[in-house]
Amino acid sequence: MAVLLSVLVGVMIFISLLIMLFILLQEDKSGGGIGIVGGSSQSFFGSSSASLLAKITTVLFALFVVLSLFLGWTSSKSTQDASITAGLVTQKEFEFDDTEDVAKTPVVKVLTELPAKILVEDFDGFIIAKIADEAKQADVLKVYVKDKNSRYYDLLKNAKDEDKAKVLAIFNEVGYTQDVVPTVVTP
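Per the numbering used here, the sequence shown starts with residue 1, numbered consecutively.
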């Protein structure tokens with residue numbers, strides 16, 4: 001899908017360049033402009049080319065608009081699906097009265113369930129590094145194990161619910177929410 005999108009973006013750029021070229025080739029309607037063809041009384045391609053250039057420009061513009069809409073729709077669809085933590089993070093907003101500025105209202109993000117996978121860099125660099133208590137670190141390592149490629153820590157499927165609840169509380173204590181900026185991942 002990513003290759004198709006890249007090709008369509010290339011086609012869109014090519015079409016936009018063609019639109020510019022065909023607009024510059026068209027004869028000035030007022031008759032007083034010099035344009036790219038010069039001030040001659042005949043068009044560069046002959047006497048009937050003015051209508052042909054206008055038709056080609058119209059078709060290219062229509063293709064440009066259709067491609068723009070399609071790429072915009074596809075881009076918005078792919079960025080909605082790109083978040084790996086959809087449904088994991090909820091926001092609790094503190095109460096405020098109508099006179100307060102909404103931008104100053106504190107927002108706390110908490111995990112409602114444990115993520116199935118965590119990057120090794122995030123796990124070691126953010127979670128374990130923020131936990132000072134070794135017993136809590138051991139609780140976390142009871143529930144998560146490094147995968148065979150050493151890229152992720154995976155949540156153990158057979159972990160006890162009470163152990164998962166402890167780890168969830170620890171993650172919220174250190175402020176780990178696993179927020180992700182939606183991006184399109186190319187294979």
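C-beta atoms are modelled at their ideal positions from N, C-alpha and C, and glycine is treated no differently.
Beta bridge pairing from DSSP links isoleucine 118 with Tyr153. If you draw a straight line from the Cα of isoleucine 127 to the Cα of glutamate 173, it is about 10 Å long. Pairing serine 16 with phenylalanine 70 gives a Cβ-Cβ distance that is not under 8 Å. Per the C-alpha coordinates, the member of Ser51, Leu21 and Tyr176 positioned closest to aspartate 124 is Tyr176.
The Cβ-Cβ distance between leucine 119 and leucine 155 does not fall below 8 Å. Counting only residues of its own chain and dropping the five nearest sequence neighbours on each side, glutamine 137 has a CB closer than 7 Å to the CB of Ile128 and Ile131. A Cβ-Cβ distance of about 7 Å is found for the pair aspartate 163 and aspartate 139, placing them in contact under the 8 Å criterion. Here the C-alpha atom of leucine 18 lies approximately 8 Å from the C-alpha atom of leucine 60.
Annotated three-state conformation of lysine 130 is helix, per DSSP. Judged by DSSP secondary structure, lysine 164 falls outside any beta strand (DSSP E) and instead within the alpha helix (DSSP H) spanning 161–174.
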